[in-house]
Amino acid sequence: MDTPLDPPAYDGVRRTAPRALATEAVHAGRDDLARQGLHAPPIDLSTTYPSYDSRGEAARIDAFATTGAEPDGPPVYGRLGNPTVARFETALARLEGTEAAVAFASGMAALSAVLLVRASMGLRHVVAVRPLYGCSDHLLTAGLLGSEVTWTDPAGIAEALRPDTGLVMVESPANPTLAEVDLKAVAHACGSVPLLADNTFATPVLQRPAEHGAQLVLHSATKYLGGHGDVMAGVVACDEEFAGRLRQIRFATGGVLHPLAGYLLLRGLSTLPVRVRAASETAAELARRLAADPRVARVHYPRIGGAMIAFEVHGDPHEVIAGVRLITPAVSLGSVDTLIQHPASISHRIVDADDRRGAGVSDRLLRMSVGLEDVEDLWADLDGALGTAARPRRGADRIDIRLHRVGATDHSEPAGAGRP
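Set out below in structure tokens:
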């Protein structure tokens, strides 16, 4: 059963009790539709909006320039905001339990905006924990936005902080090893420095970082939030003050989300809990089977559960990629179909090889995003691909797997799980 979410701010709709996440996923951002005689959210494709009150429009633009708050009254220009995108932002903020959310054209645009906000305040230093998504790692390491990064493990965060530290960044479960961090402990170590938690893999269905002290929650909305591999977007859930700064950066840099993408994301949220739970159940079963397979050296599956699996093979991982027929060999994740890729070749290729391996991203690691297909069909495809690539062994060298009973609150390992 869903845990009820905190009551939302009053939006003209009377409610007598908090709404569960599954209910909120369907209704957040849509509460006003019935009163307008609508069922599906409208798509507003306008780039500009007529106004005969130029004085009033000037005042609203001045107010936006001061605080970044969404202008009262009718929209002004597509770069300041869009009504369809705003619906998605409202819904995602509700699911993550934050005051606001700000959407961007991609996950990397969202992360870039966060870094630019902090840099504009003279806080260019970032403390980060590997592994992160490969392009996030590269953006920080290369200093493309003028930032400077100190890489550390969770235990070293407090010591790595400096007076000019503007951000601490973690990803949990991490891409691609699915390593998890204790978000509450990390947030405590950050002190007054904001913690940015990339919640792309977990989604608010499995984890709400703001409840553990993260001030900023990042999503590549391209993944599970959209859920169908047909929309690219990013979003940051945060308090209203930081949201205002993000809107100002979005206005200045132009990293806006297209209204059609906002519509598709809002539609994707309505099935997010169902998709994540169904895919997680299949992923947990596939993780169990991979853990018992002598052709597999190591399996990574997070205690929190989820639809992502990472595993290392004894044989050639490239042959596994070449051998799948039902599973799609492609980058990205979170779609309704199952995807598999080789991180060292693609998603994390941009990371220095020594740094990559030091973060646990071995050359034999494969990352699989489990979709909604039948588990037996997926296993048959995996079994065939492994048969063409792996050299049989007596058993796994090591299994790093924390099996999760989907839908249960008990995260303990079932009998037989763990290291053999």
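Each step along the sequence shown adds one to the number in this note's numbering, with nothing skipped, and position 362 is 942.
From the three backbone atoms N, C-alpha and C, an ideal C-beta is built for every residue, glycine too.
Source: prediction; values computed, not measured.
From the options, residue whose alpha carbon lies closest to that of residue i
i      : options                        : result
ASP804 : PHE781, GLY824, PRO789         : The question names Asp, yet the displayed sequence has Tyr at residue 804. Closest by alpha carbon: PHE781.
VAL709 : ARG830, ALA813, CYS770, PHE668 : CYS770
ASN662 : GLY636, ASP652, SER626, PRO909 : SER626
LEU866 : ALA933, HIS607, ASP963         : ASP963
LEU776 : THR783, VAL893, LEU763, ASP943 : LEU763
LEU696 : THR918, GLY793, ARG830         : ARG830
TRP731 : ARG936, PRO784, LEU913, ARG640 : ARG936
SER800 : ALA740, GLY809, LEU919, ASP612 : GLY809
VAL707 : SER727, ASP612, GLN828, VAL665 : SER727
HIS705 : ILE737, LEU958, GLY617         : ILE737
ARG698 : ALA902, LEU796, GLY938, VAL766 : LEU796
THR783 : PRO774, GLY814, ALA767         : GLY814
GLY793 : PRO621, VAL766, MET812         : VAL766
ALA690 : GLU899, THR628, GLY834         : GLY834
SER634 : VAL893, PRO654, THR646         : PRO654
THR603 : ALA671, GLU899, LEU958         : ALA671
MET812 : PRO743, ASP611, SER686         : SER686
VAL911 : LEU725, THR968, PRO789, CYS715 : CYS715
ASP954 : GLY967, LEU966, ILE907, GLY938 : ILE907
LEU946 : ALA608, GLU899, GLY938         : GLU899
MET688 : LEU618, HIS768, GLY677, LEU725 : LEU725
ALA754 : ASP612, ARG742, PRO882         : PRO882
SER700 : GLY938, THR802, ALA832         : ALA832
Inter-residue Cα distance where the pair is residue i and residue j
i       : j      : result
LEU585  : ASP873 : 40 Å
GLN921  : HIS880 : 15 Å
SER752  : ALA890 : 14 Å
ARG944  : ALA693 : 34 Å
LEU846  : PHE668 : 5 Å
GLY723  : ILE926 : 21 Å
GLU956  : GLU861 : 13 Å
ARG615  : GLU650 : 23 Å
THR1003 : ALA933 : Outside the modelled stretch of the chain, which goes from 581 to 1000, sits residue 1003, for which no answer is possible.
TYR657  : TYR713 : 33 Å
SER1062 : GLY895 : The structure shown does not extend to residue 1062, since the chain is modelled only from 581 through 1000, so no value can be given for it.
VAL836  : LEU870 : 41 Å
ALA875  : LEU719 : In the sequence on display, residue 875 carries Arg and not Ala. When rounded, the distance between both Cα atoms is 36 Å.
THR628  : ARG659 : 9 Å
ARG974  : GLN787 : Residue placement at ARG974 cannot be trusted, given a pLDDT of 47 that sits under 50; the coordinates are not used to answer.
GLY677  : ALA608 : 12 Å
THR989  : PRO774 : Because the pLDDT of THR989 is 33, which lies under 50, any placement of that residue in the model is unreliable, and the number read from its coordinates should be weighed accordingly. So the alpha carbons of these two residues sit roughly 29 Å apart.
ALA759  : ALA645 : 40 Å
PRO743  : ASP642 : 32 Å
GLY617  : HIS768 : 47 Å
ARG868  : HIS619 : 42 Å
ARG897  : THR802 : Contrary to the premise, residue 897 reads as Pro rather than Arg in this sequence. In a straight line, the C-alpha of PRO897 is about 26 Å away from that of THR802.
ASP612  : VAL748 : 37 Å
GLU791  : GLY938 : 30 Å
Cβ-based neighbour list, residue i, same chain, cut-off 7 Å, excluding 5 preceding and 5 following
i      : result
ALA605 : LEU675, LEU849, SER850, LEU852, PRO853
ARG905 : ASP961
THR721 : VAL729
ASP977 : Because the pLDDT at ASP977 is just 45, under 50, the model does not fix this residue reliably, and the value given afterwards should be weighed accordingly. Excluding sequence neighbours, ASP977 sits near ALA877, ARG878.
ASP652 : ARG640
VAL761 : VAL709, PRO734, VAL750, SER752
ALA623 : The sequence as given places Ile at residue 623; Ala does not occur at that position. Answer for ILE623: THR664, PRO839, LEU840, TYR843, listed in chain order.
ALA859 : ALA887, VAL950, GLY951, LEU952
GLY903 : GLY964, ALA965, THR968, ALA969
ARG740 : Rather than Arg, the amino acid found at residue 740 in this sequence is Ala. Cβ neighbours of ALA740 beyond the five flanking positions: VAL707, THR730, THR732.
Same chain, Cβ closer than 6 Å to residue i, neighbours up to 5 away in sequence not counted
i       : result
ALA673  : ALA680, ALA681, ALA817
SER1003 : Past the boundaries of the shown model lies residue 1003; the chain is included only from 581 to 1000, so the question cannot be answered.
ASP778  : GLU751, LEU798
ASP717  : VAL931
ALA863  : ALA887, ILE889, VAL950
GLY702  : none
GLY648  : GLY824, ARG825, ARG827, GLN828
PRO789  : LEU763, ALA777, ASN779, VAL797
Own chain, CB closer than 8 Å to residue i, minus 5 neighbours either side, in chain order
i      : result
GLY807 : GLY848, THR851, LEU852, ARG855, GLY914, SER915, VAL916
VAL941 : PRO711, PRO756, THR757, PRO923, ALA924, HIS928, VAL931
THR918 : LEU906, ILE907, THR908, MET948, SER949, VAL950, GLY951, GLU953, LEU958
ARG564 : Residue coverage of the chain in this structure runs from 581 to 1000, which leaves residue 564 outside it and unanswerable.
VAL893 : ARG875, VAL876, ALA877, VAL900, ARG944, LEU946, LEU966, ALA969, ALA970
Check whether the stretch 812 to 828 touches the stretch 671 to 690, taking contact to mean three or more Cβ pairs, one atom from each stretch, closer than 8 Å.
yes
Does the count of Cβ pairs from the stretch 945 to 958 and the stretch 885 to 899 closer than 8 Å reach three?
yes
Please give me, in chain order, every unbroken run of the beta strand (DSSP E) with length at least 3 that falls completely inside the stretch 763 to 846.
775 to 778, 796 to 800, 814 to 818
Just to confirm the assignment: which complete alpha helix (DSSP H) runs, minimum length 4, are found wholly within the stretch 918 to 958?
DSSP runs (the alpha helix (DSSP H)) wholly in the stretch 918 to 958: 933 to 938.
Start-end ranges of the alpha helix (DSSP H) lying completely within the stretch 693 to 751, minimum 4 residues
714 to 722, 737 to 740
Ignoring anything shorter than 4 residues or poking outside the stretch 643 to 694, list the alpha helix (DSSP H) runs there in chain order.
663 to 676
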